[in-house]
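In the working numbering, the protein residues as written are 42 to 469. C-beta: ideal position from N, C-alpha, C; glycine also. Computed from a predicted model, the values in this text were never measured in an experiment.
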């Protein structure tokens with residue numbers, strides 16, 4: 042029996058024959074069906090900014106406490122290294138198993154004693170972190186460089202190049218920005234390339250919460266190289282595939298042929314479903330029921346030495362009808378699309394704000410606000426209200442407000458922890 046199951050829902054199971062092509066939306070729920078699956082041990086490098094600005098608001102002190110806490114979360118078989126960087130990088134604690142937690146935590150406590158200069162060259166820290174991870178690189182581990190900074194860095198292009206070079210070899214990257222004076226576009230890009238996460242720490246005392254979130258996900262990672270395959274029937278087109286739960290991701294599609302689309306979902310935790318929405322282009326058809334595609338999931342479970350496992354092929358059908366009363370909308374799929382729209386409207390608005398086009402930014406933010414209000418999403422409504430209020434009063438939006446909005450917009454929150462638990466229970 043497969044350790045992961047797939048459930049599907051179309052926005053419209055029945056579409057009205059009009060003589061025109063039609064775009065339908067397929068919600069695909071990828072659900073771990075065995076929470077007892079063994080998670081992979083870690084191979085992690087903590088790359089921490091120790092430049093002068095990290096002493097503001099006791100940022101470094103809070104980060105040190107958070108780093109020590111996650112070392113305590115690790116099992117003895119996990120491997121961790123610690124890097125300090127400013128305009129130079131230094132290995133504070135070489136890659137070693139977490140059996141010797143006291144020595145690793147002592148190195149973190151003394152990290153400010155390291156002379157790494159005064160500027161910010163994140164690429165040097167990333168290179169040192171990669172070097173430590175490569176010492177123990179293994180398909181059987183979650184290999185990750187986690188970089189934290191609170192400022193702009195020299196050599197931004199070099200940072201992206203490092204992620205682009207190492208990600209195909211199996212080194213993942215996550216990025217954490219503290220405060221508001223860091224390049225969110227860069228950190229998001231690094232995380233996207235590295236199949237990791239980016240995090241926003243708006244107040245230093247929240248560093249622990251963010252570290253717990255990142256490491257909680259890593260510690261629960263059991264599936265790797267998860268690939269969703271869509272085997273298409275004739276004249277069916279996949280236009281886009283986006284993740285909607287647990288957060289927003291736009292996937293790059295691999296099309297080895299016009300009838301096969303592969304979507305790399307990356308790794309998965311044993312206790313966290315992923316929901317993705319595929320935009321499906323349907324051709325003109327006469328009345329009748331048609332199979333439009335078949336779904337398949339390929340994945341590895343490294344801790345159990347299982348590679349290339351697959352689900353059964355799951356067919357998806359649509360009915361062409363001349364009865365408009367049968368062409369109803371699936372509410373769950375519609376809500377998922379609403380969440381995607383909020384994120385995308387917000388992202389476009391940010392671009393217009395950076396270009397000084399306040400009018401177009403306001404229009405997009407108001408559209409996002411209307412969707413958030415209609416769907417009852419209190420977190421996003423509050424963030425959008427604050428953004429529009431600042432924009433209306435001064436014609437500008439503070440950096441902190443924009444980062445907060447961006448962070449909230451990508452977090453769909455379609456599933457509460459209780460709903461996740463119920464969903465997993467049904468599949469086990």
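Check the Cα spacing between residue 314 and each of 267, 430, 205, 97: the tightest is with 267.
Per DSSP, residue 265 is one residue of the beta strand (DSSP E) stretching across 262–273.
Beta-bridge partners of residue 350 (DSSP): 340. With respect to residue 164, residue 192 sits apart: the two C-beta atoms are not nearer than 8 angstroms. Short of 8 angstroms from the beta carbon of residue 215, and not among the five residues preceding or following it, lie these beta carbons of its own chain, in chain order: 185, 186, 187, 188, 232, 235, 237, 238, 239, 240, 255. By the neighbour-count definition (other C-beta atoms within 10 Å, threshold 16), residue 328 is an exposed residue.
Under a 10 Å Cβ-count criterion, residue 226 is classified as exposed, with fewer than 16 other Cβ atoms of the shown protein chains found around its own Cβ. For residue 139, no beta strand (DSSP E) encloses it, and the DSSP letter there is neither H nor E. The stretch 404–436 contains, as complete alpha helix (DSSP H) runs of 4+ residues, the segments 419–435 (chain order). For the 8 angstroms CB-CB criterion, residue 354 and residue 330 do not form a contact.
Taking C-beta separations shorter than 6 angstroms and ignoring five residues to either side along the sequence, the partners of residue 98 in its chain run 245, following chain order. Shown here, residue 73 sits in a strand according to DSSP, grouped into three states. Annotation note: the stretch 273–313 contains no uninterrupted alpha helix (DSSP H) run of length 4 or greater. Proximity of the stretch 87–107 to the stretch 121–128 meets the contact definition, three or more beta-carbon pairs being nearer than 8 angstroms. Note: residue 329 is bridge-paired with 361 in the DSSP secondary-structure output. Between residue 81 and residue 263, the C-beta spacing is below 8 angstroms.
DSSP, read as helix, strand or coil, puts residue 218 in strand. Residue burial is scored here from C-beta neighbours: residue 230 has at least 16 other C-beta atoms within 10 angstroms and is therefore classed as buried.
With distances taken between CA atoms, residue 337 lies nearest to 69 out of 259, 204, 77, 69.
Beta-bridge partners assigned by DSSP to residue 64: 322. With a cutoff of 8 angstroms on beta-carbon distance, residue 54 and residue 359 are scored as near each other. Here DSSP, grouped into helix, strand and coil, assigns residue 90 to strand. For residue 240, the enclosing beta strand (DSSP E) starts and ends at 239–242. The C-alpha of residue 450 lies about 7 angstroms from the C-alpha of residue 387.
Under DSSP, residue 48 takes part in a beta bridge, and its partners are 70. Excluding five sequence positions before and after residue 60, the CB atoms of its chain that fall closer than 7 angstroms to its own CB belong to 325, given in chain order. C-alpha of residue 248 to C-alpha of residue 430: approximately 28 angstroms in a straight line. Contact between residue 107 and residue 252 holds: their C-beta atoms lie close to 4 angstroms from each other, under 8 angstroms.
Non-local beta-carbon contacts of residue 421 in its own chain, meaning distances under 7 angstroms to residues more than five positions away in sequence, involve 383, 413, 449, 450 in chain order.
In the displayed model, residue 179 falls within coil according to three-state DSSP, outside both helix and strand. DSSP places residue 43 outside any alpha helix (DSSP H), giving it a letter other than H or E.
Beyond the five residues adjoining it in sequence on each side, residue 270 comes within less than 6 angstroms, by CB distance, of 303, 337 in the same chain, given in chain order. Rounded to whole angstroms, the gap between the alpha carbons of residue 146 and residue 275 is 59 angstroms.
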